Amino acid sequence: MTGLLPLAINNATKALSVLLLGGKEYIALMHLHGEVDERLLIDTFKGFVGKIMQMPPVRSHVKRQYREREVYYLDILEIQGRDVLFRAGVESGTYIRKLIHDIGEKLGTGAHMTDLRRTKVSTLSEADNPVTLQDLDDGVYFYTNESDPRLLDRSIQNIERALDFLPKVFVSDSAVDPVCHGSPLAIPGIVKLNGFGNDELVGICTLKGEIIALGKSVISSADILNGAKGIAIKTDSVIMSIGTYPPYKRKDQGQWSSLV
Amino acid sequence: MGLPLENFKHEVFSLKDEKTNDAYGSYPEKRSIEQRINFGFVLLDKPRGIRSRTASAVAKQILSPLGVKKIGYSGTLEA
Numbered sequence: 001m002t003g004l005l006p007l008a009i010n011n012a013t014k015a016l017s018v019l020l021l022g023g024k025e026y027i028a029l030m031h032l033h034g035e036v037d038e039r040l041l042i043d044t045f046k047g048f049v050g051k052i053m054q055m056p057p058v059r060s061h062v063k064r065q066y067r068e069r070e071v072y073y074l075d076i077l078e079i080q081g082r083d084v085l086f087r088a089g090v091e092s093g094t095y096i097r098k099l100i101h102d103i104g105e106k107l108g109t110g111a112h113m114t115d116l117r118r119t120k121v122s123t124l125s126e127a128d129n130p131v132t133l134q135d136l137d138d139g140v141y142f143y144t145n146e147s148d149p150r151l152l153d154r155s156i157q158n159i160e161r162a163l164d165f166l167p168k169v170f171v172s173d174s175a176v177d178p179v180c181h182g183s184p185l186a187i188p189g190i191v192k193l194n195g196f197g198n199d200e201l202v203g204i205c206t207l208k209g210e211i212i213a214l215g216k217s218v219i220s221s222a223d224i225l226n227g228a229k230g231i232a233i234k235t236d237s238v239i240m241s242i243g244t245y246p247p248y249k250r251k252d253q254g255q256w257s258s259l260v
Numbered sequence: 261m262g263l264p265l266e267n268f269k270h271e272v273f274s275l276k277d278e279k280t281n282d283a284y285g286s287y288p289e290k291r292s293i294e295q296r297i298n299f300g301f302v303l304l305d306k307p308r309g310i311r312s313r314t315a316s317a318v319a320k321q322i323l324s325p326l327g328v329k330k331i332g333y334s335g336t337l338e339a
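Protein sequence lines, in the order shown, are assigned to chains A and B. Heads up: the first sequence begins at 1 in the working numbering, then just goes up one per residue. Heads up: the second sequence begins at 261 in the working numbering, then just goes up one per residue.
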C-alpha cells in the first residue's frame with residue numbers, strides 16, 4: 001500500500017497529533033467475490049457514506065471494539081468485472097480494508113482490498129511535493145556532495161504549512177519566550193488573531209508566522225475582541241526552542257537585576 | 261466534495277499595531293535548510309512492501325547527517 005505519510009522532524013514532531021484532526025483520502029481497489037449488479041453496487045456504496053460503525057481489524061494497535069467513524073464521500077471511478085476502483089474521503093482511524101470487507105458482506109458476495117493508495121492527509125495532498133525515499137536520499141547526496149540544495153529544499157517543508165487549517169493567535173515578541181517555557185498566553189500578549197470558539201485547539205505563532213506552540217483556547221476570539229481580560233490560551237505542546245526570542249522581563253525587575 | 265477543514269480560510273482580526281524584531285527567530289519562508297530541519301516535515305510517498313515504521317526509520321537514517329535526531333509519522337499506512 002502506497003501514498004502519503006507525513007514525517008515530522010525534530011521539534012516539529014510535537015505538532016504531529018494535529019494532522020489526525022483532518023480527514024484522509026484514499027484511492028482503493030476492491031475485488032468482489034461474485035457477480036454484482038452495478039445498480040446494487042452503487043446503491044450499497046451510497047449506504048456506507050455518513051456515520052458507520054467499524055470493528056478494528058485483528059492486526060491493529062487499538063482496542064478491538066466497535067467505534068463510530070465518518071465516511072465523507074465514496075466515488076466509484078471504474079468498474080471492470082469484479083474489480084471496483086473508488087475514491088474514499090474518511091475520518092482519521094477508518095480502516096479501508098475493513099470498509100471494503102463490510103461492503104462485501106452487505107452485497108452478500110464478499111470482497112477484499114487488492115490495492116490502496118493514500119492521496120490526502122488533512123490538507124496535504126499529492127499536489128504538495130510528496131517525495132520518495134530515493135528522492136530524499138538523492139537530495140541529501142546532491143546537497144552534501146555537489147552543493148546543490150534544490151532537491152532537498154523541495155523535500156523538506158516548513159511545519160507551518162501542515163498547520164494552515166488551524167486557527168491561530170499571533171503574539172508580541174515579548175510573549176514568545178514565556179510560551180516556549182509552557183506558560184499560558186494572556187490576552188495582552190496577542191496582536192492579531194483568527195476566529196475560534198472556547199476550548200478549541202489553537203496555534204500560537206510569532207508575528208513572523210513561526211509556530212511557537214499548540215494550545216487550547218480558554219475563551220473565544222469574540223470575547224477577546226470585546227475586551228476580555230486574563231488568560232486566552234493554555235499551552236499544551238511547545239514546538240519552538242527556549243531562547244529563540246529574548247527572555248521576558250517584568251517591568252519591576254530592573255531593580256532586582258541591579259542587585260545581582 | 262472535500263474533507264472537513266480543507267479549503268479553510270481564516271479571517272485575521274487585529275487588536276493592535278505592533279512590529280516584530282528581525283533579530284530574533286526567522287520568517288518560515290526565509291528559513292535555510294539547516295533552520296528548516298528543526299521545524300520541518302517531509303511529505304513521504306511511502307513505497308509498497310515496507311511498514312510505516314520502517315519507512316520513517318529509513319528517512320531518519322538518510323537525514324541524520326543533517327542533524328535530524330527525531331522523526332515521527334502520522335497515521336500508519338499498512339505495508
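A virtual CB, placed ideally from N, CA and C, is assigned to each residue, including glycine. For clarity, every value in this text was computed on a predicted model and none was experimentally measured.
For the alpha helix (DSSP H) containing residue i, list its first residue and its last residue.
| i | result |
| --- | --- |
| A:Leu32 | Premise fails: A:Leu32 lies in the beta strand (DSSP E), 24-32, not in any alpha helix (DSSP H). |
| A:Val179 | 173-180 |
| A:Thr44 | 38-47 |
| A:Leu151 | 150-155 |
| A:Asp223 | 221-225 |
Residue i by DSSP, collapsed to three states: which one?
| i | result |
| --- | --- |
| A:Val238 | strand |
| A:Val140 | helix |
| A:Leu193 | strand |
| A:Pro184 | coil |
| A:Thr2 | strand |
| B:Ile310 | coil |
| A:Glu146 | helix |
| A:Thr123 | coil |
Thinking C-alpha only, which one of the options is nearest residue i?
| i | options | result |
| --- | --- | --- |
| A:Ala28 | A:Ser241, A:Asp115, A:Asp164, A:Arg161 | A:Asp115 |
| A:Asp75 | A:Gly81, A:Leu85, A:Arg69, A:Thr109 | A:Leu85 |
| A:Phe45 | A:Ala111, A:Thr13, A:Ile9 | A:Ala111 |
| A:Pro246 | B:Glu266, B:Phe268, B:Asn267, B:Asp282 | B:Asp282 |
| A:Asp137 | A:Tyr72, A:Arg39, A:Tyr26, A:Arg154 | A:Arg154 |
| A:Ala232 | A:Thr244, A:Leu19, A:Lys192 | A:Lys192 |
| B:Leu265 | A:Thr2, A:Asp43, A:Asn11, A:Leu19 | A:Leu19 |
| A:Asp199 | A:Ser174, A:Cys180, A:Pro167, A:Asp173 | A:Pro167 |
| A:Thr132 | B:Val302, B:Arg311, B:Leu326 | B:Val302 |
| B:Lys279 | A:His101, A:Met53, A:Ile190 | A:Ile190 |
| A:Leu201 | A:Asp135, A:Glu160, A:Gly230, A:Leu214 | A:Leu214 |
List, in chain order, every chain A residue whose beta-carbon is nearer than 8 Å to that of residue i.
| i | result |
| --- | --- |
| B:Glu338 | Met1, Arg97, Leu116 |
In chain A, what lies closer than 7 Å to residue i by C-beta?
| i | result |
| --- | --- |
| B:Ala315 | Leu5, Leu133 |
Residue i lies in the beta strand (DSSP E); which residues open and close that run?
| i | result |
| --- | --- |
| A:Ser217 | 211-217 |
| A:Leu99 | Segment 96-107 is the alpha helix (DSSP H) holding A:Leu99; no beta strand (DSSP E) there. |
| B:Arg291 | Counting along the chain, B:Arg291 falls outside any beta strand (DSSP E), and DSSP gives it neither H nor E. |
Applying the 10 Å Cβ sphere with the 16-neighbour rule, what's the burial state of residue i?
| i | result |
| --- | --- |
| A:Ala222 | exposed |
| B:Tyr333 | buried |
| A:Val90 | buried |
| A:Leu259 | Confidence at A:Leu259 is low in this model, with a pLDDT of 42, below 50, so its placement is unreliable and the value that follows should be read with caution. So A:Leu259 ends up on the exposed side. |
| A:Leu32 | buried |
| A:Asp177 | buried |
| A:His181 | exposed |
| A:Gly254 | For A:Gly254, the predicted model reports a pLDDT of 49, less than 50, meaning its position is unreliable; a value from the coordinates is still stated below. Exposed, since its Cβ has fewer than 16 Cβ neighbours within 10 Å. |
| A:Met30 | buried |
| B:Pro288 | buried |
| B:Gln321 | exposed |
Anything in chain B within Cβ reach of residue i, meaning under 8 Å, just list it in chain order.
| i | result |
| --- | --- |
| A:Pro130 | Leu303, Leu304, Asp305 |
| A:Pro167 | His270 |
At a CB-CB cut-off below 7 Å, which residues of chain B make contact with residue i?
| i | result |
| --- | --- |
| A:Asn194 | His270, Glu271, Val272 |
| A:Glu25 | Leu263 |
Taking C-beta pairs closer than 9 Å, name the residues in chain B that residue i reaches, listed in chain order.
| i | result |
| --- | --- |
| A:Thr262 | With chain A represented from 1 up to 260, any question about residue 262 of chain A goes unanswered, as that position is not in the structure. |
Checklist entry - Taking any Cβ of chain D, which residues in the stretch 32-62 of chain A have a Cβ under 8 Å from it, in chain order? => result Annotation note: the requested chain D is absent from the structure, which comprises protein chains A and B.
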